[in-house]
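Undergrad: The structure's right below; bear with me while I get my questions together.
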């Protein structure tokens, strides 16, 4: 089988956290954090979980590497309690204010 899409697999992936006005933290992965945050904020192509929950604040983003690694990191972060997510965030310098 011929590999026609090596560039797609080599693409850089990022993990990010968005905070809602109520203080909830949303976790996602993307190849373009600025574009994805704009989509969430504008509500057209953003996550349904964030619609009507603004204003939104981008609290953290970090380069992860491959898509698979980004998905694994996202899944692990989503399993954490809200308090543990805030501790994780604070340890990375993106502390969100308590709600």
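In UniProt numbering, the protein residues as written are 1 to 99.
Glycine residues also receive a C-beta, built at the ideal position from the N, C-alpha and C atoms.
Taking contact to mean at least 3 C-beta pairs separated by less than 8 Å, is the segment 30-49 in contact with the segment 78-87?
TA: Because the criterion of three Cβ pairs below 8 Å is not met, the segment 30-49 and the segment 78-87 do not touch.
Undergrad: Below 8 Å on the Cβ atoms is my contact criterion, and I expect residue 16 with residue 30 to pass it. Report the Cβ-Cβ distance as a whole number of Å.
TA: Rounded, the Cβ-Cβ distance is 7 Å, consistent with contact.
Undergrad: Report the rounded CA-to-CA distance for residue 63 versus residue 74, giving the unit in angstroms.
TA: C-alpha separation (whole angstroms): 12 Å.
Undergrad: Would you kindly check if the distance between the Cβ of residue 58 and the Cβ of residue 50 is under 8 Å?
TA: Not a contact, by the Cβ cut-off of 8 Å.
Undergrad: Are there 16 or more other CB atoms within 10 angstroms of the CB of residue 93, so buried, or fewer, so exposed?
TA: Its Cβ having fewer than 16 others within 10 Å, residue 93 is exposed.
Undergrad: Cβ of residue 13 within 8 Å of Cβ of residue 70?
TA: Yes; because the gap between Cβ atoms is below 8 Å, this pair is in contact.
Undergrad: Residue 62 bridges to which residues according to DSSP?
TA: In DSSP, residue 62 forms a bridge with 15.
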